[in-house]
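Enquirer: Listed in order, the protein sequences are those of chains A and B. Using the working numbering, the first residue of the first sequence is number 998, and each one after it goes up by one. Using the working numbering, the first residue of the second sequence is number 29, and each one after it goes up by one. There's a structure below that I have some questions on.
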Amino acid sequence: MAQQANHPLPNGYQLEEYTIERQLSLGGFSIVYLAQDAAGVDVAIKEYLPNSLALRTEGQTCPVIAPEHLGAFRYGMKCFFEEGRALAKLSHPNVVRVLNFFRANETVYMVMEYEHGRTLQEFIIKHKGHISERFIRGVFTRMLNGLREVHSCKLLHLDLKPSNIYLRTDNSPVLIDFGAARQTLMNEQPILKPMYTPGFASPEHYGSRKDLGPWSDIYSVGATMYACLAGGAPQAADARMANDELVPAMVRWEGQYSDHLLEIIDWCLSLNHLYRPQSVLSLQKTLVTPATNAADAPVAKPPDNWVNRLVDKLRS
Amino acid sequence: MKFTIYQGSLQGGRANNEDRIAYCYSREALLMVVADGMGGHHFGEIAAQIAVQTLTEAFQREARPEIFDPFRFLQRSMSNAHYAILDYSLAHKLDDSPRTTCVACLVQDSIAYWAHSGDSRLFLLRSGKVAAQTRDHSRIRLLVDEGVISQDQAATHPERNKVYSCLGGDVSPEIDFSRKTPLERGDVLLLCTDGLWGVMPGEELALALKNVNLMQVVPGLLQEAEVRGGPKGDNLSVVAVCWEQGYQEGGHDSAVSTQMMSPGEVTTKLEEFGRQSGHKMELTEEEIEKAIIEIRSTIEKYNSGK
């Protein structure tokens, strides 16, 4: 049976003290709107509305939930609360801030700060293959500050990817969408399908998930950096486990980026989680250590690989 | 308190898992319990469940946030568990009372106190060596102590699983207590059932758990032990804690810190086996309201500075 997409609340709809401006995104579990609060400030509102369990047709405001789905719907709501709880505790410039949380239309809503900018995903598409090392180091060092804060609250993000990293107009990153985040110590098995995005999810995401840890988010960080260079997602981890066709960053971009950065990317993308950086702090420490070798200096190398090789040949 | 803790259990080759494990902690105290329901007896798993529940419930009641008298606490709750098992068999008119081994350890102020009855063990592992361990209440243990048989013979002796003390049953249990044992940073306390120690000696466990993150290594040890146990292997269970007192960076990310807990708060992890534990699917209206109020107050708390 084809799954029907839920209809968003209409533009101009008054939701408590907020006025819906338009839909920003539609996911399997929620709809995100751009709205204005009473003072006219832009906010992002996330509405819990799992596609498979609740249906809202055009013109309706309250979703229809079949009685047999009510249990699962409420269970999912628990996860949504988890996300709210997690974010409410986090107060960090590189993590999206929750402003309000309320119940309406037989479901729940989370109000978050809205900032002008774009996702890293949009940035990657726009600058396909031409993202500078400087930019990558700058964005990721700050993004890791946010992720460190998340981990220090004993939370894992579990769905890190370019479209969940938001860039403000000054290119400072903000982590958004903690829909997959779970308290690491929680032992509950997911009833709703676990959420992950192929290419960015770690090998542990696919298995029994008992090995999930900070290193799993670190895999996703590596995949996201890889995507910055490649312009698209790397091979999915489950496919890599079967037949690893991922060209190491070290091989693919040799000479175009510093060996130091490329090594970090490959390190994060180790299939065995024990071989990856075990904490964000250790990754961050490496990332901010400037490449010691002068030849590694990021700007010194011309981007064009074959020209580079030709010059080298002529020199020797 | 700062520590890393892992608990896990595997069924081995048995039809069901009669081991029960749990840990719970408050801001100042940590309790770990392992119980091995006795297979030959009916309802072994029920005895084990009662034992674990009685101890954790007592902890939840009494840790405020410290336990006033640790040894008394262990003594009292283990003998309460014994009587609770007897009550159960009376109430259900069982011919024979179910039985279980039990080992429990309480840590507070970085001092460990433990007690046991039967042949589930506690090992204190320090820098790759066994620094202390419980002495099984088994005939075999006595024979080894008297020099009648050797360690190696004991490992394969047909009666190696027979214990003379346990919770439940018509004889009052013999409970042994440790000394007050101060812990050092990096010490590992490992409580386990014979399914584990029977195939993996303490020395091996000590070496395997030297300077590692328990969360990563213990699951592998359990699996290895299950393989060694073979197709008819016993249930195997473990609760292991690595004491990480001290505030230096570099504590494992998975470490539990109880600093932020309120004095009356207790966290309990009680594992259930055998059946798909009923997921609490339904959130009541009340719970939804409560969750929202909680989130809103957290938002206010953390945003008020802005």
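Note that beta-carbon positions come from the ideal geometry of N, C-alpha and C, so glycine has one too.
Give the interface partners of residue 1129(A) over in chain B, defined as CB-CB distance under 9 Å, in chain order.
Expert: Those within 9 Å of residue 1129(A) in chain B number zero; the least Cβ separation is about 31 Å.
Enquirer: When Cβ atoms are compared, which residues of the stretch 1095 to 1110 of chain A fall closer than 8 Å to chain E?
Expert: Any reference to chain E falls outside this structure, whose protein chains are A and B.
Enquirer: Which term fits residue 96(B), buried or exposed, when burial requires 16 or more other beta carbons within 10 angstroms of its beta carbon?
Expert: When all chains shown are included, residue 96(B) counts as exposed.
Enquirer: Pick from 295(B), 256(B), 79(B), 122(B): whose alpha carbon is nearest that of residue 88(B)?
Expert: The shortest Cα separation from residue 88(B) among 295(B), 256(B), 79(B), 122(B) belongs to 295(B).
Enquirer: Can you pull the chain B residues whose beta carbon is under 7 Å from the beta carbon of residue 1271(A), in chain order?
Expert: Correct list: 244.
Enquirer: Anything in chain B within Cβ reach of residue 1085(A), meaning under 7 Å, just list it in chain order.
Expert: Here the neighbours are 323, 326, 327, 330.
Enquirer: Looking only at its chain, what residues have a beta carbon closer than 8 Å to the beta carbon of residue 141(B), apart from the 5 residues adjacent to it on each side?
Expert: So the list reads 98, 99, 102, 133, 134, 135, 205, 206, 208, 209, once near-sequence residues are dropped.
Enquirer: Can you check which of these residues, 1197(A), 1064(A), 1027(A), is closest to residue 1080(A) by C-alpha distance?
Expert: The shortest Cα separation from residue 1080(A) among 1197(A), 1064(A), 1027(A) belongs to 1027(A).
Enquirer: Go to residue 47(B), then tell me how far its beta strand (DSSP E) extends in each direction, as first and last residue.
Expert: Residues 47 to 53.
Enquirer: According to DSSP, simplified to helix, strand and coil, what is residue 95(B)?
Expert: Correct three-state label for residue 95(B): coil.
Enquirer: Could you tell me which chain A residues have their CB closer than 7 Å to the CB of residue 57(B), listed as they occur along the chain?
Expert: In chain order: nothing, as chain A lies at least about 18 Å away.
Enquirer: Can you name the start and end residues of the alpha helix (DSSP H) that residue 236(B) belongs to?
Expert: Unbroken alpha helix (DSSP H) run through residue 236(B): 230 to 236.
Enquirer: Given a cut-off of 8 Å, decide if residue 327(B) and residue 1097(A) are closer than it, judged by their beta-carbon atoms.
Expert: For residue 1097(A) and residue 327(B), yes; Cβs fall inside 8 Å.
Enquirer: Please decide whether residue 1026(A) counts as near chain B, where near means a Cβ-Cβ distance under 8 Å.
Expert: No - not a single Cβ of chain B is within 8 Å of the one on residue 1026(A).
Enquirer: List the residues of chain A that residue 49(B) touches, going by C-beta distances under 8 Å, in chain order.
Expert: Simply none; closest approach about 12 Å.
Enquirer: What residues in the stretch 221 to 254 of chain B have a beta carbon less than 9 Å from any beta carbon of chain A?
Expert: Taking 9 Å as the Cβ-Cβ cut-off against chain A, the residues of the stretch 221 to 254 of chain B that qualify are 241, 243, 244, 247.
Enquirer: At 4 residues or longer, what runs of the alpha helix (DSSP H) sit wholly inside the stretch 94 to 176 of chain B?
Expert: Listed in chain order, they are 98 to 119, 167 to 173.
Enquirer: What's the gap between the Cα of residue 222(B) and the Cα of residue 215(B)?
Expert: Distance between the alpha carbons of residue 222(B) and residue 215(B): 22 Å.
Enquirer: Would you mind working out which of 218(B), 188(B), 252(B), 226(B) sits nearest residue 238(B), comparing C-alpha positions?
Expert: With distances taken between Cα atoms, residue 238(B) lies closest to 218(B).
Enquirer: Residues of chain B with CB under 9 Å from residue 1074(A), in chain order?
Expert: Per Cβ cutoff of 9 Å: 311, 316, 319.
Enquirer: Is residue 1006(A) close to the ligand ADP? I mean its beta-carbon at under 7 Å from any heavy atom of the ligand.
Expert: Inclusion of the ligand ADP in the displayed structure is not the case, the ligand content being empty and no account of it being possible.
Enquirer: Go through the stretch 1128 to 1180 of chain A residue by residue and report every complete run of the beta strand (DSSP E) that reaches 3 residues or more, in order.
Expert: Fully enclosed beta strand (DSSP E) runs of 3 or longer: 1162 to 1165, 1170 to 1172.
Enquirer: Which class does residue 1022(A) belong to by DSSP, given the choice of helix, strand or coil?
Expert: Of the three classes helix, strand and coil, the one that applies to residue 1022(A) here is strand, per DSSP.
Enquirer: Of all Cβ atoms in chain B, is any one closer than 8 Å to the Cβ of residue 1088(A)?
Expert: Chain B contact via Cβ: present.
Enquirer: Residue 329(B): buried (16+ other C-beta within 10 angstroms of its C-beta) or exposed?
Expert: Exposed, by the Cβ-count rule.
Enquirer: Taking the C-alpha atoms as reference points, what is the distance between residue 91(B) and residue 260(B)?
Expert: When rounded, the distance between both Cα atoms is 40 Å.
Enquirer: Taking residue 1081(A) as the query, report the chain B residues whose CB atoms sit under 7 Å from its CB, ordered along the chain.
Expert: Here the neighbours are 323.
Enquirer: Buried or exposed, going by whether 16 or more other CB atoms sit within 10 Å of the CB of residue 110(B)?
Expert: With 16 or more Cβ atoms within 10 Å of its Cβ, residue 110(B) is classed as buried.
Enquirer: Could you tell me whether any Cβ in chain A is nearer than 8 Å to the Cβ of residue 46(B)?
Expert: Judged by the 8 Å Cβ criterion, residue 46(B) is not in contact with chain A.
Enquirer: Taking only runs of the alpha helix (DSSP H) that begin and end inside the stretch 1067 to 1103 of chain A, which ones reach a length of at least 4 residues, in chain order?
Expert: The stretch 1067 to 1103 of chain A contains these whole alpha helix (DSSP H) runs: 1067 to 1086.
Enquirer: Give the DSSP-derived three-state secondary structure of residue 1268(A) in the structure shown.
Expert: Correct three-state label for residue 1268(A): coil.
Enquirer: On the three-pair Cβ rule with 8 Å, is the stretch 1134 to 1151 of chain A touching the stretch 1061 to 1069 of chain A?
Expert: They do not touch, by the three-pair rule.
Enquirer: Report the neighbours of residue 1207(A) on chain B: residues whose CB is nearer than 8 Å to its CB, in chain order.
Expert: Chain B residues near residue 1207(A): 247.
Enquirer: Identify the residues that DSSP records as bridge partners of residue 1251(A): which are they?
Expert: In the DSSP output, where bridge partners are listed per residue, residue 1251(A) has 1254(A).
Enquirer: Between the Cα of residue 243(B) and those of 284(B), 254(B), 229(B), spot the shortest distance and give me the residue it belongs to.
Expert: If we check each option's Cα against that of residue 243(B), 284(B) comes out closest.
Enquirer: Can you grab the Cα-Cα spacing for the pair residue 1047(A) / residue 297(B), in whole Å?
Expert: Cα to Cα, the separation comes out at about 30 Å.
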